[in-house]
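Colleague: What follows is a single structure, and I will ask about it in a moment.
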Amino acid sequence: MGLLYEQILRVIASALVGAFIGYEREIKNKPAGFFTFTLVCMGSCLIAILQENLTKTSGGEPARIIAQVVSGVGFLGAGTILHNRGNVVGISTAAMLWLAAGLGLLIGTGGYNNYIIAFTTVVIILPVTMITRRLSNKLTKTRKIQRLRIVFEDNFEKDLFDSLASFGVTVKKYVLLNKYFQGDIHVKELILYFSLPKTKNLDEILNYLSDVDYIHEIEQL
Numbered sequence: 001m002g003l004l005y006e007q008i009l010r011v012i013a014s015a016l017v018g019a020f021i022g023y024e025r026e027i028k029n030k031p032a033g034f035f036t037f038t039l040v041c042m043g044s045c046l047i048a049i050l051q052e053n054l055t056k057t058s059g060g061e062p063a064r065i066i067a068q069v070v071s072g073v074g075f076l077g078a079g080t081i082l083h084n085r086g087n088v089v090g091i092s093t094a095a096m097l098w099l100a101a102g103l104g105l106l107i108g109t110g111g112y113n114n115y116i117i118a119f120t121t122v123v124i125i126l127p128v129t130m131i132t133r134r135l136s137n138k139l140t141k142t143r144k145i146q147r148l149r150i151v152f153e154d155n156f157e158k159d160l161f162d163s164l165a166s167f168g169v170t171v172k173k174y175v176l177l178n179k180y181f182q183g184d185i186h187v188k189e190l191i192l193y194f195s196l197p198k199t200k201n202l203d204e205i206l207n208y209l210s211d212v213d214y215i216h217e218i219e220q221l
């Protein structure tokens with residue numbers, strides 16, 4: 001019975017750890033939130049307990065089932081990235097899911113030292129995540145980095161960038177989302193990352209681009 005109670009304690013501890021991480025994700029409106037992180041952490045813990053029980057009763061390699069958790073969480077993480085169409089926010093959520101699974105496995109293997117390590121990790125990682133996000137947002141605001149999703153005719157790519165340059169826009173990078181045909185016209189869909197001079201207004205640029213014939217869609221992100 002002592003082992004049973006100890007294993008129940010592991011499951012409860014993993015639920016608390018997952019809930020702490022998930023709550024932070026939930027209030028930030030991320031694709032994976034409170035329940036997802038709680039379930040991932042608890043599920044990983046249960047798999048570690050299952051592996052422990054199977055090893056005691058029938059032998060075998062202790063890491064065999066546990067190794068599958070990493071692959072399974074990888075699919076969940078990929079789903080959060082696809083939900084955001086490759087946005088970096090999805091990548092951070094995927095990394096947090098991987099961390100939650102790792103903490104669940106750590107707790108599931110038992111031992112009070114593992115509990116301490118898991119809870120200490122959460123206590124450290126959540127404040128660090130919030131601080132770095134605030135610094136990143138402040139830096140982005142200072143540099144006036146903007147994002148646009150734009151769909152335009154492929155033949156006019158140079159004209160588009162020349163038009164942006166005429167407004168003093170500095171394109172930092174762009175991400176190609178899609179290429180396809182609209183009727184007989186080949187179009188591209190991009191996300192542009194750019195900075196504006198302090199003297200320029202984004203609305204002015206958007207109004208101009210909205211009237212350009214070769215631009216089919218434009219959206220501020």
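Every letter in the sequence shown is one number past the one before it in my numbering, and letter 62, counting from 1, is 62.
The beta carbon of each residue, even a glycine, is placed where N, CA and C say it ideally should be.
Could you tell me whether any Cβ in chain C is nearer than 9 Å to the Cβ of C45?
Modeller: Of the protein chains in this structure there is only one, and it is not chain C.
Colleague: So L147 packs on Y193, CB below 8 Å; how close in whole Å?
Modeller: The identity of residue 147 in the sequence shown is Arg, whereas the question assumes Leu. Indeed, because the Cβ distance is near 6 Å, the residues count as touching under 8 Å.
Colleague: Going by C-alpha distance, which of T55, R64, W98 and I66 is nearest F75?
Modeller: Across the set T55, R64, W98 and I66, the C-alpha of W98 shows the shortest separation from the C-alpha of F75.
Colleague: For F34, does the three-state DSSP call read helix, strand or coil?
Modeller: For F34, the secondary structure class from DSSP, reduced to helix, strand or coil, is helix.
Colleague: Pairing CB atoms from the region 105-124 with CB atoms from the region 39-48, are three or more of them under 8 Å?
Modeller: Counting Cβ pairs under 8 Å, three or more are found: they touch.
Colleague: Locate the alpha helix (DSSP H) running through N207, then write down its first and last residues.
Modeller: L202 to S210
Colleague: Quick one: is Q68 buried, meaning 16 or more other Cβ sit within 10 Å of its Cβ, or exposed?
Modeller: Result: exposed.
Colleague: Whole angstroms is fine: what's the gap from A15's alpha carbon to I21's?
Modeller: Approximately 10 Å, taken between the alpha carbons.
Colleague: Where R25 and L190 are concerned, what is the direct C-alpha to C-alpha distance, given to the nearest angstrom?
Modeller: 28 Å
Colleague: Expressed to the nearest angstrom, what Euclidean distance is found between the alpha-carbon atoms of S210 and A19?
Modeller: 45 Å
Colleague: Quick check: what's the CA-CA separation for Y214 versus F156?
Modeller: 7 Å
Colleague: Restricting to Cα atoms, I'd like to know which of E219, N53, A100 and D184 is closest to E6.
Modeller: N53
Colleague: Which of the three DSSP states, helix, strand or coil, is assigned to V169?
Modeller: Coil.
Colleague: Quick check on DSSP: helix, strand or coil for K188?
Modeller: strand
Colleague: Leaving out five residues before and five after A32 in sequence, what residues of the same chain have Cβ atoms less than 7 Å from its Cβ?
Modeller: R25, T80, T93 and L97
Colleague: Here's the rule I'm using: 16 or more other beta-carbon atoms within 10 Å means buried, otherwise exposed. How should R133 be labelled?
Modeller: exposed
Colleague: When DSSP builds the beta bridges, which residues end up paired with Q220?
Modeller: L148
Colleague: Check the DSSP bridge columns for E224 and list the partner residues they point to.
Modeller: The chain is shown only over 1 to 221; residue 224 falls outside these bounds and no answer can be derived.
Colleague: Which residue marks the beginning of the alpha helix (DSSP H) containing G2, and which one marks its end?
Modeller: G2 to I27
Colleague: For L241, write down the residues that DSSP places opposite it in a beta bridge.
Modeller: Summary: the structure shown does not reach residue 241, with the chain confined to residues 1 through 221, and so no result is reported for it.
Colleague: Here's a check: name, in chain order, each residue in its chain whose Cβ is nearer than 6 Å to the Cβ of E217, leaving out the five neighbours to either side.
Modeller: V151
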